[in-house]
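Residue numbers (our numbering), protein chains in the order written: chain C, 60 to 197; chain F, 8 to 282; chain S, 49 to 174.
Glycine included, each C-beta is placed from N, C-alpha and C at the ideal position.
Below is one structure; the comments refer to it alone.
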């Protein structure tokens with residue numbers, strides 16, 4: 060059993076590019092507390108970076124929630140990125156490599172999905188976007 | 008009905024469990040000896056588990072209706088970990104928890120409507136212990152398979168600046184990840200510019216395996232190292248072509264020796280036969 | 049919240065090669081200015097190559113990847129070559145998984161390897 064009894068749970072407000080550093084630090088610390096290997100740690104921080112930047116670029120502001128999960132003896136982190144921005148009219152298309160409305164490389168969403176074990180996105184034009192990712196500790 | 012039973016539960020049950028604690032524990036251990044022999048576990052540990060569980064359970068009955076407490080969860084987790092590590096089965100784990108009902112029948116010989124609530128709690132405890140047991144066993148399996156993966160990835164320095172990685176067996180995705188990690192960290196540690204991935208021990212190469220190889224090569228390239236893939240048997244080459252797998256951007260050679268010769272060429276080494 | 053500014057890049061000219069050392073995490077505004085800074089120094093020093101030391105970088109996301117690609121294109125237009133050095137294994141693996149590609153930018157295991165390589169090439173072309 061993990062000796063640290065208190066599960067990780069924290070929220071980081073995102074309101075501009077300067078929030079990126081705070082988001083990095085939070086995910087980095089949470090990942091270290093959970094005990095990921097170096098590669099998984101880097102993957103999670105990078106995925107978080109892509110998704111926070113998406114919020115900054117397309118919605119302006121929102122938040123990132125970091126939660127510890129345990130399921131059947133496995134533990135991991137769930138990161139939820141929420142914004143009240145314009146939303147994504149065509150989620151299927153946004154999940155394709157290279158698709159971008161012009162501000163990035165178009166790797167943000169599909170790239171982040173490849174870095175984690177679970178990925179889900181909930182969005183519609185005009186109603187904001189919520190992206191949830193989970194990375195389990197191997 | 009239920010409401011009327013509550014005061015009984017709340018006030019009396021813990022008291023009877025407390026006053027008869029020693030007798031109940033003896034009853035429980037005798038019952039376990041008869042119906043659930045566990046030679047794998049030291050009897051003192053069984054005794055500790057019984058005492059801990061009965062005390063935590065007694066405490067849980069202090070609220071109406073009784074609910075799973077943090078103390079119960081911790082004990083059940085510890086119990087399941089112990090059972091999983093000693094090689095007992097999930098049903099033995101659950102049977103152990105359910106045997107608490109026998110003790111309760113002794114304690115509540117008068118019988119009451121509240122027994123239903125108590126049974127519900129014991130059932131929940133049994134299910135929780137099974138979950139915890141399976142979780143622990145999965146952890147053990149993961150650790151063992153990780154150890155196996157580590158053992159099966161030997162990165163061998165062939166020459167100064169040249170590493171070789173003989174891959175033997177099927178490349179599933181967790182193994183491919185481990186192999187990539189080991190190779191890349193070894194490249195960085197040793198400062199090797201060339202790595203030869205020999206796949207002559209890989210029985211089949213499907214699209215996913217080829218993709219893993221291509222990713223490994225790409226990551227090594229970003230680090231400043233070049234990979235050569237050797238040991239592609241004709242049959243595998245044929246399958247790869249028919250699957251439309253293209254490794255054309257990757258240096259490939261028939262044998263490990265040819266791969267080494269390629270690296271020597273790149274390093275400006277000349278092999279001269281003596282005498 | 050601490051108001052500590054993240055460390056920025058260091059540029060050192062070395063025998064016609066600009067060695068650019070990047071910090072563990074490069075802030076966005078520093079990243080935006082990087083190409084401009086490097087371009088100015090490249091012209092001032094008449095360097096023939098830029099060697100970017102990535103050994104400290106803990107993460108490269110697609111934004112940073114784009115900054116590097118844009119900078120390499122600019123350096124090519126100025127007639128010089130770009131090489132990255134010392135990319136960490138975990139960063140390289142993550143970049144590949146992300147689908148990122150550093151186009152034609154050559155890579156070296158370390159600054160030492162990169163300098164030797166660039167000097168050998170310069171020697172050959174002279």
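Does any residue of chain S bring its CB to less than 8 angstroms from the CB of residue i?
i, result
"residue 32 of chain F", "no"
"residue 191 of chain C", "no"
"residue 225 of chain F", "yes"
"residue 188 of chain C", "no"
"residue 83 of chain C", "yes"
"residue 183 of chain F", "no"
"residue 169 of chain C", "yes"
"residue 112 of chain C", "yes"
"residue 86 of chain F", "no"
"residue 108 of chain C", "yes"
"residue 232 of chain F", "yes"
"residue 195 of chain F", "yes"
"residue 273 of chain F", "no"
"residue 222 of chain F", "yes"
Applying the criterion that 16 or more other CB atoms from any shown protein chain within 10 Å of the CB defines a buried residue, is residue i buried or exposed?
i, result
"residue 130 of chain C", "exposed"
"residue 52 of chain F", "exposed"
"residue 100 of chain S", "buried"
"residue 164 of chain C", "At residue 164 of chain C, the pLDDT of 48 sits below 50, so the modelled position is not reliable and the matter cannot be decided from this model."
"residue 171 of chain F", "buried"
"residue 24 of chain F", "buried"
"residue 177 of chain F", "exposed"
"residue 242 of chain F", "exposed"
"residue 111 of chain S", "buried"
"residue 159 of chain S", "buried"
"residue 86 of chain F", "buried"
"residue 182 of chain C", "buried"
"residue 149 of chain C", "exposed"
"residue 161 of chain S", "buried"
"residue 190 of chain C", "buried"
"residue 69 of chain C", "exposed"
"residue 253 of chain F", "exposed"
Could you spell out the range, first to last residue, of the alpha helix (DSSP H) harbouring residue i?
i, result
"residue 93 of chain F", "No alpha helix (DSSP H) holds residue 93 of chain F; DSSP gives it neither H nor E."
"residue 243 of chain F", "241 to 249"
"residue 65 of chain F", "50 to 67"
"residue 157 of chain S", "Run containing residue 157 of chain S: none; DSSP gives neither H nor E here."
"residue 172 of chain C", "167 to 174"
"residue 263 of chain F", "263 to 273"
"residue 254 of chain F", "First-last for residue 254 of chain F: undefined, no H or E at that position."
With 8 angstroms as the threshold, decide whether the Cβ of residue i is near any Cβ in chain C.
i, result
"residue 105 of chain S", "no"
"residue 155 of chain F", "no"
"residue 58 of chain F", "no"
"residue 188 of chain F", "yes"
"residue 81 of chain S", "no"
"residue 75 of chain S", "yes"
"residue 102 of chain S", "no"
Assuming residue i and residue j make a contact with CB atoms under 8 angstroms, what is their CB distance in whole Å?
i, j, result
"residue 82 of chain F", "residue 59 of chain F", "5 angstroms"
"residue 86 of chain S", "residue 59 of chain S", "7 angstroms"
"residue 169 of chain F", "residue 267 of chain F", "7 angstroms"
"residue 142 of chain C", "residue 120 of chain C", "7 angstroms"
"residue 90 of chain S", "residue 126 of chain S", "6 angstroms"
"residue 135 of chain F", "residue 75 of chain F", "7 angstroms"
"residue 262 of chain F", "residue 223 of chain F", "That pair is no contact at about 20 angstroms."
"residue 71 of chain C", "residue 128 of chain C", "Between residue 128 of chain C and residue 71 of chain C the Cβ distance is about 18 angstroms, and since that is not below 8 angstroms, they are no contact."
"residue 126 of chain F", "residue 38 of chain F", "The Cβ separation is near 17 angstroms, so there is no contact."
"residue 70 of chain S", "residue 107 of chain S", "Between residue 107 of chain S and residue 70 of chain S the Cβ distance is about 11 angstroms, and since that is not below 8 angstroms, they are no contact."
"residue 199 of chain F", "residue 232 of chain F", "6 angstroms"
"residue 97 of chain C", "residue 88 of chain S", "Going by Cβ atoms, the distance from residue 97 of chain C to residue 88 of chain S rounds to 36 angstroms, so no, they are not a contact pair."
Counting only beta-carbon separations shorter than 8 angstroms, does residue i have a partner in chain F?
i, result
"residue 36 of chain S", "Within the shown structure, residues of chain S are numbered from 49 to 174, placing residue 36 of chain S beyond reach of any answer."
"residue 104 of chain C", "no"
"residue 98 of chain C", "yes"
"residue 121 of chain S", "no"
"residue 157 of chain S", "yes"
"residue 161 of chain S", "yes"
Where do the ends of the beta strand (DSSP E) carrying residue i lie?
i, result
"residue 208 of chain F", "201 to 208"
"residue 181 of chain C", "177 to 182"
"residue 61 of chain S", "58 to 62"
"residue 236 of chain F", "233 to 237"
"residue 65 of chain C", "Segment: none, residue 65 of chain C is in no beta strand (DSSP E) and carries neither H nor E."
Within the present structure, is the beta-carbon of residue i separated from the nearest heavy atom of the ligand GDP by less than 7 angstroms?
i, result
"residue 162 of chain S", "Among the ligands in the structure shown, none appear at all, so the ligand GDP cannot be discussed."
query: At what residue ranges does the region 110 to 143 of chain C contain a whole run of the beta strand (DSSP E), taking only runs of 3 or more?
result: 121 to 130 and 133 to 142
message: In chain order, what are the residue ranges of uninterrupted alpha helix (DSSP H) at least 4 long that sit wholly in the region 110 to 153 of chain S?
response: 110 to 125 and 137 to 146
message: Threshold first: 3 residues or longer. Then list the beta strand (DSSP E) segments lying entirely within the region 64 to 114 of chain S, N to C.
response: 65 to 69 and 97 to 101
task: Could you pull out every unbroken alpha helix (DSSP H) segment of at least 4 residues lying fully inside the region 117 to 186 of chain F, listed in chain order?
output: For the region 117 to 186 of chain F, whole alpha helix (DSSP H) runs of length 4 or above, ordered along the chain, are 122 to 158.
Where the region 128 to 154 of chain S meets chain A: residues whose CB sits under 7 angstroms from a CB there: Any reference to chain A falls outside this structure, whose protein chains are C, F and S.
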